[in-house]
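Presented below is the structure to which this report refers.
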Amino acid sequence: MQKAMDVVRTAVPLKLRLGPRPRWPDAVVRLFIAGCGGFVLVTTLVMIAFLARTGVQGMSEVGVWPLLTGSRWKPEADVFGGVPLILGTFVSATGAALLGATPAVLSAVWLTEFAPKSTKALFRRTMEISAAVPSVVYGWLALVYLVPLAESVAHGLYGSDAEVGGEGLASSAVLLAVMIAPTVLLLSVDALSRVPNNLREASAALGASPWQTAFRVVMPYAWRGLLVAVFFGFARAAGETMAVQMVIGGARKIPANLFQPTTTISAQIVMDMQNARPNTPASDALFSMSLILLVISVGVVLMTRALSRTKRA
Amino acid sequence: MFVRFDLMLGAFGVVAALGLGCDKTPPASEGPAASASTTAVATPTSEGPIRVSGSSALQPLVNAAKEKFETENKSASIEVSAGGSKKGLVDVGSGAVQIGDSDIFAAPDQKDLVDHKVAVVGFAAMANKGPHNAKVAALGLDQLAKVFSGEIKSWKDLGGDAQPIVVINRAPASGTRTVFGNVVLGGDKFVESQTEDNSGALVAKLKQTKGAISYLALSFKDDDLVTLSLKIGADVVDPTPANIAEGKYPIWSYEHMYTKGPSTGTSKQFIDFILSQDFQTHVLANVKGFIPITSMKIQRDKD
């Protein structure tokens, strides 16, 4: 490669950029890049095809109806009711989107519209760092600090003799909210920064206060981008596995409240996979649940796609 | 302009190098695994590494044996991993490992697996220690069954103070859960509750959660936990090696090492080493919670 670069360097003088240059390194490089691209694409397609095939097979073995409406998940007894898993995923992801996205979007507004420039950069860097913290670290911190706290809150709410504890949907929603907030914030900042400045100036010229400009001009203009940010947060929360598994409790039943152990699709896959012999209903049903999770995530991504394509926001 | 172009080409070079990497890596990683298993099958006496997986309860013992065995047989190499008894049985059945460790007997349809019983481990109900159960030292099997099926919900009903019982389970893949369930509940009839997927995490959780109770191998016995003895008739039977060997304490299981077909070559040498009188009495008996298979006065042929 070094040799090829030397050739190019001597072959292309400063002022003659369109001059002749050897073609074969170009072709080789192109081939490698195309090969890499193709490899990634083929891997993804093969994976989706496999998941679809095995997932559908699992659904035909244990039945779509029980999988989507059954309230008990007990593969060791061949009982495959997916409701506790799907419900757990939806409730914790929705809770996370509500708890995490609201402050994230509002701080993005503050950051783009009100904060001084120096604060902006510092805040952005901090959020980028928190977005890069591995999920197992968040999970561990939550297990040590959040779960005991949630336990005392639960006993405060339901009484000291109640069947409640720190592990459950409340803990996992709060944990996921903390985890998705940086991502939602960064995406929201991007959306808000794309709002043309002349709109702000025009608003100011009409006598609107910065507050009115932010909430009546900038946010309405950027609503699609903000929604995309929130949906991405939701998708990330729905797919998160490690951290959730550490605080959800792992009971395969529908909880009576937010402070009882339950499970999510991803957490249950981790829990069951070592027990599932290939080509058994237990294994195929896990693939069915993976397929459902994939459909949820892809659905959310496609929705954001559709939203962001309607109009550049 | 020129510099930028130069950099771009450099970047392309890096990408191309990565491209080479990703085109070549997958076959390379499949290669050794495939060739290792074929050589192991074709020439059993070859000195390739012997792979062992399965029960996390048995892992400390197998590791201890591996150290001694490899010192005595310089050419032998043993690789030990853990992932639960049922994973060990799956792995040895599929040929991914030569030896599958398990706390439980293989399923009846796994007929090609040959059992080698190498040790015995006892299990007991263990609970969070506190004033609420200071007076509870032993429970009958029927009481334990009611606790773990969710029928008894307060320590008050067991002779302690009014404190809710929090049942913590192991994951269904766990050998401990299978054995405890079979002896105490007559099957996997545990109440659906909070679940931990390994014994170490469970010990931590038990210490942390007031009123909690679960079941563990005696190798995880801990002074900060209450280890419950059994009330059998008028007697209180402690989970001691002597009581288990004599058949007085019923919650125990064999530690199995399964091979696919009769063991051969290094696998056979390794299993024979663990079964040797020397290892059983001088090493195994000193590893916490393990009972030499040679000291058992009773036998079982199912869990």
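Sequences listed follow chains A and B, in order.
Following our numbering, the numbering of the first sequence begins with 160 at its first residue and continues without gaps.
Following our numbering, the numbering of the second sequence begins with 449 at its first residue and continues without gaps.
Every residue, glycine too, gets a C-beta built ideally from N, C-alpha and C.
{"query": "Strand pairing of Ser449 of chain A, partner residues [DSSP]", "result": "Per DSSP, none; premise fails for Ser449 of chain A."}
{"query": "Residue range of the beta strand (DSSP E) that includes Pro740 of chain B", "result": "738–740"}
{"query": "Short CB-CB distance (under 8 Å) between Lys535 of chain B and chain A", "result": "yes"}
{"query": "Host alpha helix (DSSP H) of Gly318 of chain A (start-end)", "result": "Counting along the chain, Gly318 of chain A falls outside any alpha helix (DSSP H), and DSSP gives it neither H nor E."}
{"query": "Contact belief for Val632 of chain B with Ile552 of chain B at Cβ below 8 Å, rounded distance in angstroms", "result": "That pair is no contact at about 15 Å."}
{"query": "For Ala472 of chain A, three-class secondary structure by DSSP", "result": "Reliability fails at Ala472 of chain A, whose pLDDT of 42 lies under 50, so the model's placement of it is uncertain and no value is given."}
{"query": "Interface flag, Asp605 of chain B vs chain A, CB-CB below 8 Å", "result": "no"}
{"query": "Contiguous alpha helix (DSSP H) assignments of at least 4 residues, all confined to the stretch 519–578 of chain B", "result": "533–542"}
{"query": "Unbroken stretches of the alpha helix (DSSP H), 4 residues or longer, contained in the stretch 232–276 of chain A", "result": "242–268"}
{"query": "Whether Leu666 of chain B touches Gly608 of chain B by CB criterion (8 Å)", "result": "no"}
{"query": "Three-pair Cβ contact test at 8 Å for the stretch 498–516 of chain B versus the stretch 677–693 of chain B", "result": "no"}
{"query": "Chain-ordered chain B contacts of Ala186 of chain A [CB-CB under 7 Å]", "result": "Simply none; closest approach about 11 Å."}
{"query": "Residue burial classification, Pro414 of chain A (beta-carbon count within 10 angstroms, cutoff 16)", "result": "buried"}
{"query": "7 Å Cβ shell around Leu258 of chain A - same chain, five flanking residues per side excluded", "result": "Ala332, Val333, Ala336"}
{"query": "Limits of the unbroken alpha helix (DSSP H) element including Met338 of chain A", "result": "328–352"}
{"query": "Below-8 Å beta-carbon distance, Thr493 of chain B vs any chain A residue", "result": "Residue placement at Thr493 of chain B cannot be trusted, given a pLDDT of 46 that sits under 50; the coordinates are not used to answer."}
{"query": "C-beta neighbour in chain A for Gln642 of chain B, strict 8 Å", "result": "yes"}
{"query": "Distance, Ile526 of chain B Cα to Ala208 of chain A Cα", "result": "38 Å"}
{"query": "Min CB distance Pro612 of chain B to chain A below 8 Å", "result": "yes"}
{"query": "Within chain A, the residues that Asp672 of chain B reaches when beta carbons sit closer than 7 Å", "result": "Neighbours of Asp672 of chain B on chain A: none; closest Cβ ~17 Å, over 7 Å."}
{"query": "Environment of Lys655 of chain B [buried if 16+ CB atoms lie within 10 Å]", "result": "exposed"}
{"query": "Ile192 of chain A - DSSP class collapsed to helix/strand/coil", "result": "helix"}
{"query": "One or two residues paired with Asp720 of chain B in a DSSP bridge", "result": "Asp720 of chain B is not bridged to any residue."}
{"query": "Cross-chain neighbours of Met401 of chain A in chain B, by beta carbon under 7 Å", "result": "Residues of chain B passing the Cβ test: none, with the nearest at roughly 12 Å."}
{"query": "Environment of Thr473 of chain A [buried if 16+ CB atoms lie within 10 Å]", "result": "Any answer about residue 473 of chain A is impossible in this case: the structure gives chain A only from 160 up to 472."}
{"query": "Per-residue DSSP class, three states only, for Ile692 of chain B", "result": "helix"}
{"query": "Own chain partners of Ala476 of chain B with C-beta closer than 6 Å, once the 5 adjacent residues on each side are dropped", "result": "Confidence in Ala476 of chain B is poor, its pLDDT being 37 and thus under 50, which makes the residue's placement unreliable; the coordinate value appears in the next sentence. Same-chain partners within the cutoff: there are none."}
{"query": "Among B:Ala652, B:Ala660, B:Gln591, B:Asp672, nearest to Ile680 of chain B - alpha-carbon criterion", "result": "B:Gln591"}
{"query": "Cβ-based contacts, 8 Å cut-off: residues of the stretch 619–636 of chain B near chain A", "result": "Ala619, Pro620, Ala621, Asp636"}
{"query": "Contact with chain B by Gly408 of chain A, beta-carbon distance below 8 Å", "result": "yes"}
{"query": "8 Å Cβ shell around Thr321 of chain A - same chain, five flanking residues per side excluded", "result": "Residue 321 of chain A is actually Ala in this sequence, not Thr. Cβ neighbours of Ala321 of chain A beyond the five flanking positions: Ala313, His314."}
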